[in-house]
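For the sequence shown, the positions run 1 to 971 when UniProt numbering is used.
C-beta: ideal position from N, C-alpha, C; glycine also.
Contents: one structure, followed by commentary.
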Amino acid sequence: MTKTGKPDSYWHDIMLKYAQGTYHFTTGKKPGAKKWKDVLEKINNCQLHRQTRVYDIFGKRIPCKCGYHKQSAEQTALGVQAGPLSSAGSRPAPQSSVGFSLAPQSSAGSRPAPQSSAVSRPAPQSSAGSRPAPQSSAGSSPAPQSSAGSSPAPQSSVGFSLAPQSSSLIKCSLCNEDVDVEGFTEHLSDYHVQETCDQCCATVWGAVGLLHHIEYHHPLTSLSGQDRPSVDPPAVSPTTLTAQSPAYTEEQQGASQTTLHSPSLRPPEVNWVSFLPKQFCRVIKPADQKWIAQCLYDSTGRLKQQFSQNWFHPPSASKPTTSPPDPGSYFRQRMFLWAPMRMKCVTLLKPRTAGNSSSYLQQALEEIHSEEWARWTVDYLTDCELHKKRCALTQLEVVYEQPPPFCTLPLAQWFETAHANEILSHLDELKGVITSTYGSILKLDSTKKITKKLAGGIADTATWMTNLGNEFGQVLNCVLTTGEGAGLDDLCQGIVKRYKDAGEPEPAVIYVDRDCCSETGVTPVLSWFRPWKVTVRLDIFHFMRRFTAGLTTEHHPLYGTFCSKLSSCIFKWDKDDISCLKEAKKTMLLKKHGGHVPTEAQILSSITSSELAKHCRRRTRGVKETHALIQGLLDSMWELTDTTGLRLINPESMTHVWEVQQKHLPCIQDPPDVQLYTKLGSGLQKGDKVLDVLRCGRGSSSLESFHRHQCTFIPGWRCNALHTQMYTLEGVSRWNINRAHQAVDMSGTSHSKIYDVRLMSHVNVLSKRVLGNTLLPEFMPPGKPTNERIAVEYLLAQSDRGDLLSPMEHSEITPPEMQDSRCDSRGVPGWEAVDNLAGYLVSLNRTIIALSTNEIAEILRLYSCLHAIDQSPSKYSLKCKKNVLPGPWRASRKRSGSAPGQQAAERLLERQKRTDRDTLLQGVELPQQVGLANEPLPMPKVLPSAPVEHRHVPIEFQEPENHEGEAVIWQ
Numbered sequence: 001m002t003k004t005g006k007p008d009s010y011w012h013d014i015m016l017k018y019a020q021g022t023y024h025f026t027t028g029k030k031p032g033a034k035k036w037k038d039v040l041e042k043i044n045n046c047q048l049h050r051q052t053r054v055y056d057i058f059g060k061r062i063p064c065k066c067g068y069h070k071q072s073a074e075q076t077a078l079g080v081q082a083g084p085l086s087s088a089g090s091r092p093a094p095q096s097s098v099g100f101s102l103a104p105q106s107s108a109g110s111r112p113a114p115q116s117s118a119v120s121r122p123a124p125q126s127s128a129g130s131r132p133a134p135q136s137s138a139g140s141s142p143a144p145q146s147s148a149g150s151s152p153a154p155q156s157s158v159g160f161s162l163a164p165q166s167s168s169l170i171k172c173s174l175c176n177e178d179v180d181v182e183g184f185t186e187h188l189s190d191y192h193v194q195e196t197c198d199q200c201c202a203t204v205w206g207a208v209g210l211l212h213h214i215e216y217h218h219p220l221t222s223l224s225g226q227d228r229p230s231v232d233p234p235a236v237s238p239t240t241l242t243a244q245s246p247a248y249t250e251e252q253q254g255a256s257q258t259t260l261h262s263p264s265l266r267p268p269e270v271n272w273v274s275f276l277p278k279q280f281c282r283v284i285k286p287a288d289q290k291w292i293a294q295c296l297y298d299s300t301g302r303l304k305q306q307f308s309q310n311w312f313h314p315p316s317a318s319k320p321t322t323s324p325p326d327p328g329s330y331f332r333q334r335m336f337l338w339a340p341m342r343m344k345c346v347t348l349l350k351p352r353t354a355g356n357s358s359s360y361l362q363q364a365l366e367e368i369h370s371e372e373w374a375r376w377t378v379d380y381l382t383d384c385e386l387h388k389k390r391c392a393l394t395q396l397e398v399v400y401e402q403p404p405p406f407c408t409l410p411l412a413q414w415f416e417t418a419h420a421n422e423i424l425s426h427l428d429e430l431k432g433v434i435t436s437t438y439g440s441i442l443k444l445d446s447t448k449k450i451t452k453k454l455a456g457g458i459a460d461t462a463t464w465m466t467n468l469g470n471e472f473g474q475v476l477n478c479v480l481t482t483g484e485g486a487g488l489d490d491l492c493q494g495i496v497k498r499y500k501d502a503g504e505p506e507p508a509v510i511y512v513d514r515d516c517c518s519e520t521g522v523t524p525v526l527s528w529f530r531p532w533k534v535t536v537r538l539d540i541f542h543f544m545r546r547f548t549a550g551l552t553t554e555h556h557p558l559y560g561t562f563c564s565k566l567s568s569c570i571f572k573w574d575k576d577d578i579s580c581l582k583e584a585k586k587t588m589l590l591k592k593h594g595g596h597v598p599t600e601a602q603i604l605s606s607i608t609s610s611e612l613a614k615h616c617r618r619r620t621r622g623v624k625e626t627h628a629l630i631q632g633l634l635d636s637m638w639e640l641t642d643t644t645g646l647r648l649i650n651p652e653s654m655t656h657v658w659e660v661q662q663k664h665l666p667c668i669q670d671p672p673d674v675q676l677y678t679k680l681g682s683g684l685q686k687g688d689k690v691l692d693v694l695r696c697g698r699g700s701s702s703l704e705s706f707h708r709h710q711c712t713f714i715p716g717w718r719c720n721a722l723h724t725q726m727y728t729l730e731g732v733s734r735w736n737i738n739r740a741h742q743a744v745d746m747s748g749t750s751h752s753k754i755y756d757v758r759l760m761s762h763v764n765v766l767s768k769r770v771l772g773n774t775l776l777p778e779f780m781p782p783g784k785p786t787n788e789r790i791a792v793e794y795l796l797a798q799s800d801r802g803d804l805l806s807p808m809e810h811s812e813i814t815p816p817e818m819q820d821s822r823c824d825s826r827g828v829p830g831w832e833a834v835d836n837l838a839g840y841l842v843s844l845n846r847t848i849i850a851l852s853t854n855e856i857a858e859i860l861r862l863y864s865c866l867h868a869i870d871q872s873p874s875k876y877s878l879k880c881k882k883n884v885l886p887g888p889w890r891a892s893r894k895r896s897g898s899a900p901g902q903q904a905a906e907r908l909l910e911r912q913k914r915t916d917r918d919t920l921l922q923g924v925e926l927p928q929q930v931g932l933a934n935e936p937l938p939m940p941k942v943l944p945s946a947p948v949e950h951r952h953v954p955i956e957f958q959e960p961e962n963h964e965g966e967a968v969i970w971q
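Rendered as structure tokens:
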């Protein structure tokens, strides 16, 4: 039998009941025809659907756009006048078709009919102060309401009757009124929530009370008296106000009590989302758009001019009542007024430490955001589960929405770009910090560690990264060079000009790792730093490393003993400092061993080399004494071997090394009248003694430490020219700021970690102007950046490659036509082209490895002239291949793992090595480990109590003037 659908009359009645709220669709009961689906959607989109008020704030009736509500055009034509609902949200009784209304007033201003104790909302009135009652054709008068508080009796009608109270009504415990379930939340906000007037700070109850307060105490100035609709509130007895929850209570001392009423006025809903720009709506989630718009705009759509805060937090998700939870309210995000993601990522990428890269930051932030998304999901699903348990009592089936998917973060390249833009906008500040550094003891040293990370156009073009530092560990400049010799002339001349422009005196001594002296009498270093007449000294660490070339192997058991005794031949310690350290260690041993008095040997063995360098001063012995001690050390260890018979010293190599290094003995001696030690702080407690903490300015050991940190400035293992320059500038400037704070002994320092020069300068200027003192006393504004080239700029200038950011342009090379030429042994023609290319390559300057643009173009032209066989690369077969484990950063991975008893075996092996070493040194006379000086050493310097002011031109920052609160001066 063919199935037939429901007739249109059935669906028409169902839609009428659904629009009036007396029918609810269950699962599978909605219409299937497209016609009635459209009708259902039109009812849901109607402004009157599920609303408790039919009048707007100006007293105009809200039109029905679907035609299925009581206030539709058809019902109005029949004369049905449904007034506004009562304060409790209950519906009035249906009226007859002859036009009866609930307590209307006549046009002559007649008194209203008596109201019930439920204080129902009055109907909107006309502009004359009253609203005429709609009359029927018979002209009957309005029916009065009962005073007992019950609903009016049903009247005769054409088919309308008052339906009994359904299960969709609940009783409010605050006012004992029956309220529709869908409008219960709105009922609470209208009558039972305490509100505060923004203009007079009066306290009222509910949005209705706030509207009444504004209407009677703060009339709208934008509307005239004749245009503004007036509402005559119903008369309410004092007992009625006492019995129910008040709609308005004004808490002001001395304010006279006035009879307040509960109007039916509600402000029109503001479309806050429409105020946001379209670009905002594309990136902001829909759940966040409304509250963000409320933070940024007022109700008229104008952008707010002042904000009391920068962080704005979203409203918390409301607990589920009868409707399912909205997943969007659980996944809202905080708002910061100035692009929070870009600011945060730049701040986190600035520390130039090992492992700090954009990839690491992106992964860390994505993990944090993922955990936060999981917490929001748990909150949302927990409330859904609670709502599901409540719906189980009413046997209602509810389908819950899926939580929003996780929004992925930008790629690591996005974070890298944001960081690069931040650095490029502060180039002058970063360069100013580097070029405003000076010192009395300079140190020049080079490293190859960072050159292995160069990629792109500068790959394999630099051989050294040369750094110039001072006695405090600060870096005056660091450049990438093609060679350590003549290529440093521009670097040194830039330092000389910097000192001259700032009026700084020449440094007292310069420590280098090579070119310390010359047979002609003029050292190459002084020719670079012309016209300075300073003392040039060789770093003692590099001097000692040259002796290792005369040893057979560094793995010899006597290698460590030879190096430590070689140091003892060069230095001797201050007697008073050693005595204080021994007393402190003796006290510590007494406490450790329960009062047992240690011997002299036990005290000396407990002193470590780091404690000697930290608390004791030393100086060089002199040329003659050093020569005699080194010669005696070589003689005593010349024939020593290990247990297998392997000699420690290679006689031929050591003979040559010692013959050459004797000439440099004067270069390693301490310069006279130069204070190399500086006292740091107030000392360190050891036992019952307070020992001085000293820092030595001798040699280039501080630069060796900087080389390890400098290599970590560049994350990863390869970097192009732009990012190498960017990371180097930021890393060196932050390094200098840290060392500058340590070079001042100030008790009132701020202990802050700020590296923004502009921000620190602005803080000090404002605090000096307002408070009379600087809040960052350890900060000294740097000077304007000089014209010195730094890092990659120096390398590009040496190779004639132009500016750092300008790409190289290669012109198209057209190979010339091949002419008749000689052939090689294989019979391949073009021997002249090979000869020309080889001759040009040999004629290049070998002191500079990098090539200029013209040289590159000429080499490419000669190469293009070669025969195709000559242009093909030569291939060689590998005779052997080393098997290594692949590790990160393309480095070989050591085989790791420990077997049971491995650490015990290593300790046993170390103990055996010490036993073998003592056995090999039996009967050998060696210099003392700690030699004492007979005369006292110069006293150490004391750190200054304030930053040293230099005479360079300080960098100035133009900050906008603050004119807030000032009156506008009319011209």
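Taking the Cα of Asp428 as reference, the smallest distance to any Cα among Leu16, Arg758, Leu841 and Leu40 is reached at Arg758.
Here Lys663 is not near Pro940, since their CB atoms are 7 Å or more apart.
Annotation: the segment 524–596 contains the following complete segments of the alpha helix (DSSP H) (minimum length 4 residues), in chain order: 524–528, 540–545, 559–570 and 575–592. Non-local beta-carbon contacts of Val512 in its own chain, meaning distances under 6 Å to residues more than five positions away in sequence, involve Leu444 and Val525 in chain order. In this structure the segment 731–738 does not lie against the segment 615–633, because fewer than three pairs of beta carbons, one per stretch, are closer than 8 Å. By the Cβ rule, the segment 711–719 counts as touching the segment 444–453, because three or more pairs are nearer than 8 Å.
With contact defined as three or more Cβ pairs closer than 8 Å, the segment 656–673 and the segment 414–426 are not in contact.
Rounded to whole angstroms, Val433 and Asn764 show a C-alpha spacing of 17 Å. Residue state for Gly456 is assigned as helix, using DSSP reduced to three classes. Each of Ala791, Glu793, Pro785 and Thr749 was checked against the Cα of Pro777, and the nearest Cα belongs to Thr749. The alpha helix (DSSP H) runs lying completely inside the segment 762–799 and spanning 4 residues or more are 792–798, given in chain order. Excluding five sequence positions before and after Ser945, the CB atoms of its chain that fall closer than 8 Å to its own CB belong to Val744, Asp745 and Met746, given in chain order. By the Cβ-count criterion, Thr461 is buried, with 16 or more other Cβ atoms from all chains shown falling within 10 Å of its own Cβ.
For the pair of segments examined, the segment 642–656 was found not to touch the segment 581–593: the number of CB pairs separated by less than 8 Å stays below three.
Cβ-Cβ distances below 8 Å link His556 to Asp642, Leu646 and Leu648 in the same chain, with the five nearest sequence neighbours on each side left out; the list follows chain order.
In the three-state DSSP reduction, Glu177 falls in the coil class, being neither helix nor strand.
The shortest C-alpha to C-alpha distance from Phe541 to any of Phe562, Ser527, Ala549 and Ser567 is the one to Ser567. Per DSSP, Ile714 lies in no beta strand (DSSP E) and is assigned neither H nor E. A contact is defined here as three or more CB-CB pairs under 8 Å, and the segment 321–332 meets this definition with respect to the segment 282–302. For Asn467, the enclosing beta strand (DSSP E) begins and ends at Trp464 to Gly469. Rounded to the nearest angstrom, the Cβ distance from Leu862 to Tyr840 is 6 Å, consistent with a contact under 8 Å. Per DSSP, the unbroken beta strand (DSSP E) holding Glu195 starts and ends at Gln194 to Thr196. In this structure, the straight-line span from the alpha carbon of Ile423 to that of Ser308 is close to 30 Å. The segment 913–920 makes no contact with the segment 598–615; the number of CB pairs closer than 8 Å stays below 3. Contact between Phe957 and His762 holds, with the beta-carbon distance rounding to 7 Å and staying under 8 Å. Within the same chain, Val509 and Pro671 come within 6 Å of Thr535 by CB-CB distance, once the 5 residues on both sides are set aside.
Here DSSP, grouped into helix, strand and coil, assigns Cys384 to helix. Looking at the DSSP output, Arg647 shares a beta bridge with Thr641. For the UniProt domain "DUF6729" (281–343), the full-length alpha helix (DSSP H) segments reaching 4 residues or more read 286–296 along the chain.
When the five nearest sequence neighbours on each side are left out, the beta carbons in the same chain lying within less than 7 Å of the beta carbon of Gly503 are those of Arg951, in order along the chain.
Annotation for Lys753: no alpha helix (DSSP H) segment contains it, and DSSP assigns it neither H nor E. Spatial neighbours of Thr553 in its own chain (CB-CB distance under 8 Å, excluding positions within 5 residues in sequence) are listed in chain order as Tyr559 and Leu646. Excluding five sequence positions before and after Arg698, the CB atoms of its chain that fall closer than 6 Å to its own CB belong to Leu676, given in chain order. If the five residues before and after Glu41 are omitted, its C-beta is found closer than 6 Å to no C-beta atom of its own chain. A direct Cα-Cα distance of roughly 48 Å separates Met780 from Pro927. If you look at Trp205, you'll find it in the beta strand (DSSP E) that goes Thr203 to Trp205.
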